[in-house]
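Protein chains in written order, with the working numbering: chain A, 23 to 328; chain B, 23 to 328. Ideal Cβ positions, reconstructed from N, Cα and C, are used throughout, including at glycine.
Protein chains: 2
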Amino acid sequence: MIEKLIKAIEAKDAPVVVGLDPMLSYVPEFIKEKAYAEKGETLAGAAEAIFNFNKGIVDATYDLIPAVKPQIAMYEQFGVEGVIAYKKTVDYCKEKGLCVIADVKRGDIGSTSKSYADGHLGKVQVGSKTYAGFDADFATVNPYLGTDGVKPFVDVCKESDKGIFVLVKTSNPSSGEFQDREIDGRPLYEHVADMVNTWGEECIHGDYSDVGCVVGATYPEMGKVLRKLMPKAYILVPGYGAQGGKAEDLVHFFNADGLGAIVNSSRGIIAAYKKDTYAKFGETGYAEAARQATIDMIEDINSARR
Amino acid sequence: MIEKLIKAIEAKDAPVVVGLDPMLSYVPEFIKEKAYAEKGETLAGAAEAIFNFNKGIVDATYDLIPAVKPQIAMYEQFGVEGVIAYKKTVDYCKEKGLCVIADVKRGDIGSTSKSYADGHLGKVQVGSKTYAGFDADFATVNPYLGTDGVKPFVDVCKESDKGIFVLVKTSNPSSGEFQDREIDGRPLYEHVADMVNTWGEECIHGDYSDVGCVVGATYPEMGKVLRKLMPKAYILVPGYGAQGGKAEDLVHFFNADGLGAIVNSSRGIIAAYKKDTYAKFGETGYAEAARQATIDMIEDINSARR
Numbered sequence: 023m024i025e026k027l028i029k030a031i032e033a034k035d036a037p038v039v040v041g042l043d044p045m046l047s048y049v050p051e052f053i054k055e056k057a058y059a060e061k062g063e064t065l066a067g068a069a070e071a072i073f074n075f076n077k078g079i080v081d082a083t084y085d086l087i088p089a090v091k092p093q094i095a096m097y098e099q100f101g102v103e104g105v106i107a108y109k110k111t112v113d114y115c116k117e118k119g120l121c122v123i124a125d126v127k128r129g130d131i132g133s134t135s136k137s138y139a140d141g142h143l144g145k146v147q148v149g150s151k152t153y154a155g156f157d158a159d160f161a162t163v164n165p166y167l168g169t170d171g172v173k174p175f176v177d178v179c180k181e182s183d184k185g186i187f188v189l190v191k192t193s194n195p196s197s198g199e200f201q202d203r204e205i206d207g208r209p210l211y212e213h214v215a216d217m218v219n220t221w222g223e224e225c226i227h228g229d230y231s232d233v234g235c236v237v238g239a240t241y242p243e244m245g246k247v248l249r250k251l252m253p254k255a256y257i258l259v260p261g262y263g264a265q266g267g268k269a270e271d272l273v274h275f276f277n278a279d280g281l282g283a284i285v286n287s288s289r290g291i292i293a294a295y296k297k298d299t300y301a302k303f304g305e306t307g308y309a310e311a312a313r314q315a316t317i318d319m320i321e322d323i324n325s326a327r328r
Numbered sequence: 023m024i025e026k027l028i029k030a031i032e033a034k035d036a037p038v039v040v041g042l043d044p045m046l047s048y049v050p051e052f053i054k055e056k057a058y059a060e061k062g063e064t065l066a067g068a069a070e071a072i073f074n075f076n077k078g079i080v081d082a083t084y085d086l087i088p089a090v091k092p093q094i095a096m097y098e099q100f101g102v103e104g105v106i107a108y109k110k111t112v113d114y115c116k117e118k119g120l121c122v123i124a125d126v127k128r129g130d131i132g133s134t135s136k137s138y139a140d141g142h143l144g145k146v147q148v149g150s151k152t153y154a155g156f157d158a159d160f161a162t163v164n165p166y167l168g169t170d171g172v173k174p175f176v177d178v179c180k181e182s183d184k185g186i187f188v189l190v191k192t193s194n195p196s197s198g199e200f201q202d203r204e205i206d207g208r209p210l211y212e213h214v215a216d217m218v219n220t221w222g223e224e225c226i227h228g229d230y231s232d233v234g235c236v237v238g239a240t241y242p243e244m245g246k247v248l249r250k251l252m253p254k255a256y257i258l259v260p261g262y263g264a265q266g267g268k269a270e271d272l273v274h275f276f277n278a279d280g281l282g283a284i285v286n287s288s289r290g291i292i293a294a295y296k297k298d299t300y301a302k303f304g305e306t307g308y309a310e311a312a313r314q315a316t317i318d319m320i321e322d323i324n325s326a327r328r
């Protein structure tokens with residue numbers, strides 16, 4: 023699956039992923055009003071609003087970008103109805119030819135991780151039939167439980183040609199509380215990075231593995247070290263834009279081949295119309311604002327990797 | 023919420039939780055046949071089968087136990103239909119007066135963790151209305167992202183009178199890979215335990231906090247240390263039974279008051295009819311087998327804490 027993602031990054035010349043994290047506060051009033059008129063101020067109404075919002079963003083950006091990253095928490099907050107909107111979003115993005123990175127940060131003991139991996143990436147058997155539950159292309163995985171929590175995802179990557187990004191160093195302010203603590207003279211995140219290499223060994227295609235990692239743009243010095251430590255791992259980079267990461271911070275997340283990293287922006291794209299720079303588009307032009315913000319982001323990121 | 027759980031544990035004299043982790047392979051043929059006859063060999067058919075299976079287990083055990091712990095991965099594997107069955111299971115268990123511990127192991131950066139916390143435990147605003155998405159009583163939380171990933175859950179505990187169990191030392195074989203690594207002379211899981219104390223400080227009711235922890239029955243020596251290190255934290259103990267933990271291993275998970283721990287069994291209860299000990303109940307008696315296994319487990323666990 024990593025080859026497919028790389029091909030898409032090269033075709034669009036854009037190592038960029040749009041985060042579909044539709045907080046209701048980002049959704050323009052006219053979309054919410056229409057959804058509530060149809061389904062009431064209900065969970066179903068909220069789900070309709072966020073799906074229609076996503077659809078506008080995707081329609082306005084899919085020709086520019088290789089991938090989207092829906093953050094499932096933003097859907098789960100609306101219960102079952104939200105999860106239905108999540109699935110509709112995944113399906114719609116795949117119809118548009120986009121790689122879908124499910125930001126689910128799952129991870130559990132072996133048999134349970136297998137169910138997560140089957141549900142989000144792979145297939146499940148029901149009697150004589152097999153089905154794909156959510157059928158994303160990639161998923162993010164939490165490593166706290168160690169190899170037997172991650173391995174079932176790696177197995178599904180091999181069986182179903184999918185990929186994962188394992189949390190190594192996250193973008194949030196308190197990520198260092200545990201991740202930076204020194205073990206045998208090296209921070210925990212480097213030990214996790216070593217395991218990313220191990221887990222990824224069996225699914226290398228060309229220069230990269232289906233097992234990638236997450237390293238936040240907000241920690242550029244650590245990104246530089248981690249890039250070298252995991253030469254075969256694609257880095258999914260959150261934290262650009264709204265969280266404070268700048269393009270110049272991202273230079274060292276890329277390998278010499280100009281590949282090896284894909285940078286996410288969520289709020290900076292999907293809520294661009296709320297920023298002064300893109301205010302001229304107005305609420306009704308939220309999708310065009312997202313398109314312009316995506317174009318600007320791609321230019322910014324490409325300046326960093328060249 | 024911890025007070026409600028403790029009251030239920032004392033009323034039933036059973037520090038025991040039944041794990042509702044319905045793998046299809048545990049579900050008796052007659053239940054699957056009926057579900058597939060109604061809804062086909064589809065994801066909806068599988069969801070119908072697991073919900074009906076759960077209902078049988080709950081009907082046969084709810085008078086004996088204070089709480090259930092549905093493992094959401096087992097539902098997510100069936101996609102949206104599975105999540106619907108999860109929600110029906112939560113609702114049904116609450117109707118029966120049970121505390122519901124959502125084993126979701128969520129954890130993300132701050133704003134995202136807030137959405138998870140709102141969705142699984144708290145409430146979400148839709149226009150002028152508020153709704154509870156999944157509305158469990160407790161959730162399990164992964165600490166890898168540090169305080170800003172956990173704090174939103176703690177806030178929801180305070181706002182909505184709910185509780186959490188933070189992963190400290192998990193029951194799986196490779197949990198030590200990161201969790202046992204020494205930092206300043208103490209294993210990582212002890213550092214996480216320190217933070218469990220900190221996170222829980224603001225929501226102590228009586229002798230215990232709404233912020234509990236997860237420590238596997240499979241690591242009794244560590245449980246002994248962790249029990250003392252976190253005197254106010256209720257310990258949710260997985261790993262008893264099928265994973266190898268024995269009652270005698272659990273003695274030190276309890277405080278001197280006989281409280282402080284609640285032990286989970288999933289497979290050992292819900293698939294009891296597949297074990298020699300309970301084979302006499304047969305497939306059609308799977309619920310009665312679960313009841314007997316629950317009675318036996320309660321007796322076993324109570325022998326350990328007295």
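Determine the closest residue to residue i out of the options, with distance taken between C-alpha atoms.
{"i": "Trp221 of chain B", "options": "B:Tyr241, B:Lys29, B:Lys254, B:Gly207", "result": "B:Lys254"}
{"i": "Lys29 of chain B", "options": "B:Pro88, B:Glu51, B:Asp43, B:Glu181", "result": "B:Pro88"}
{"i": "Asp177 of chain A", "options": "A:Ser137, A:Gly78, A:Cys121", "result": "A:Ser137"}
{"i": "Thr316 of chain B", "options": "B:Lys26, B:Leu65, B:Val90, B:Asn74", "result": "B:Val90"}
{"i": "Asn219 of chain A", "options": "A:Asp85, A:Pro195, A:Asp271, A:Lys250", "result": "A:Lys250"}
{"i": "Ala33 of chain B", "options": "B:Pro209, B:Val236, B:Leu120, B:Tyr256", "result": "B:Leu120"}
{"i": "Lys56 of chain B", "options": "B:Thr306, B:Ile323, B:Ala301", "result": "B:Thr306"}
{"i": "Gly168 of chain A", "options": "B:Gln201, B:Gly290, B:Asp157, B:Arg208", "result": "B:Gln201"}
{"i": "Ala59 of chain A", "options": "B:Phe75, B:Gly267, B:Gly149", "result": "B:Gly149"}
{"i": "Tyr211 of chain B", "options": "B:Asp232, B:Val188, B:Pro195", "result": "B:Val188"}
{"i": "Met319 of chain A", "options": "A:Gly228, A:Asp298, A:Gly304, A:Ala294", "result": "A:Ala294"}
{"i": "Lys61 of chain B", "options": "B:Glu103, B:Lys296, B:Asp322, B:Ala309", "result": "B:Glu103"}
{"i": "Leu27 of chain B", "options": "B:Glu321, B:Leu272, B:Ile257", "result": "B:Ile257"}
{"i": "Tyr308 of chain A", "options": "A:Gly263, A:Met23, A:Pro50", "result": "A:Pro50"}
{"i": "Lys77 of chain B", "options": "B:Val105, B:Tyr114, B:Pro92", "result": "B:Tyr114"}
{"i": "Asp170 of chain A", "options": "A:Ser287, A:Arg128, A:Asp206", "result": "A:Arg128"}
{"i": "Asn164 of chain B", "options": "B:Ile131, B:Asp322, B:Cys225", "result": "B:Ile131"}
When we look at the beta-carbon of residue i and count the other beta-carbons within 10 Å, is it buried (16 or more) or exposed?
{"i": "Ser47 of chain A", "result": "exposed"}
{"i": "Phe52 of chain A", "result": "exposed"}
{"i": "Glu117 of chain B", "result": "exposed"}
{"i": "Thr111 of chain A", "result": "buried"}
{"i": "Lys302 of chain A", "result": "exposed"}
{"i": "Ser135 of chain B", "result": "buried"}
{"i": "Lys327 of chain B", "result": "For the record, residue 327 of chain B in the displayed sequence is Arg; it is not Lys. With 16 or more other Cβ atoms within 10 Å, it is buried."}
{"i": "Thr299 of chain A", "result": "exposed"}
{"i": "Arg208 of chain B", "result": "exposed"}
{"i": "Gly304 of chain A", "result": "exposed"}
{"i": "Val180 of chain B", "result": "At residue 180 of chain B the sequence reads Lys, which differs from the Val that was named. Answer is exposed; the Cβ neighbour count stays below 16."}
{"i": "Glu98 of chain B", "result": "buried"}
{"i": "Asp159 of chain A", "result": "buried"}
{"i": "Ala278 of chain A", "result": "exposed"}
{"i": "Asp85 of chain B", "result": "exposed"}
{"i": "Glu199 of chain B", "result": "buried"}
{"i": "Asp206 of chain B", "result": "exposed"}
{"i": "Gly228 of chain B", "result": "exposed"}
Closer than 6 Å by C-beta to residue i: which residues in its own chain qualify, once you throw out the five before and the five after it? Chain order, please.
{"i": "Arg313 of chain A", "result": "Ala82, Thr83"}
{"i": "Ser193 of chain B", "result": "Gly238, Thr240, Pro260, Gly261, Gln265"}
{"i": "Ile31 of chain B", "result": "Pro37, Pro88"}
{"i": "Met96 of chain A", "result": "Asp43, Pro44"}
{"i": "Ala215 of chain A", "result": "Val190, Leu248, Leu251, Met252"}
{"i": "Gly267 of chain B", "result": "Ala239, Thr240, Gly261"}
{"i": "Ser288 of chain A", "result": "Gly41, Asp43"}
Report all residues from its chain with a CB closer than 7 Å to the CB of residue i; omit the five preceding and five following residues, and keep chain order.
{"i": "Tyr153 of chain A", "result": "Lys145, Val146"}
{"i": "Val126 of chain A", "result": "Ile94, His142, Ala161, Thr162"}
Residues in its own chain within less than 8 Å of residue i by CB, not counting five upstream and five downstream?
{"i": "Ser197 of chain B", "result": "Lys191, Gly238, Tyr241"}
{"i": "Ser325 of chain B", "result": "Ala269"}
{"i": "Phe100 of chain A", "result": "Leu65, Ala68, Ala69, Ile72, Ala107"}
{"i": "Lys109 of chain A", "result": "Phe156"}
message: So, does the segment 274-292 of chain A touch the segment 37-46 of chain B, judging by three or more C-beta pairs under 8 Å?
response: Fewer than three Cβ pairs drawn from the segment 274-292 of chain A and the segment 37-46 of chain B lie within less than 8 Å of each other, which leaves the two stretches out of contact.
task: Any chance you could list the beta strand (DSSP E) runs of at least 3 consecutive residues sitting entirely within the segment 254-285 of chain A, in chain order?
output: 257-259
query: Can you list the alpha helix (DSSP H) stretches of 4 or more residues lying completely in the segment 183-235 of chain A, in chain order?
result: With a minimum length of 4 residues, the unbroken runs of alpha helix (DSSP H) contained wholly in the segment 183-235 of chain A fall at 198-201, 210-222.
- request: Ignoring anything shorter than 4 residues or poking outside the segment 36-115 of chain A, list the alpha helix (DSSP H) runs there in chain order.
  value: 51-61, 65-83, 95-98
message: Runs of 3 residues minimum, wholly inside the segment 143-179 of chain B: which ones carry the beta strand (DSSP E) assignment?
response: 146-148, 151-153, 160-163, all fully within the segment 143-179 of chain B.
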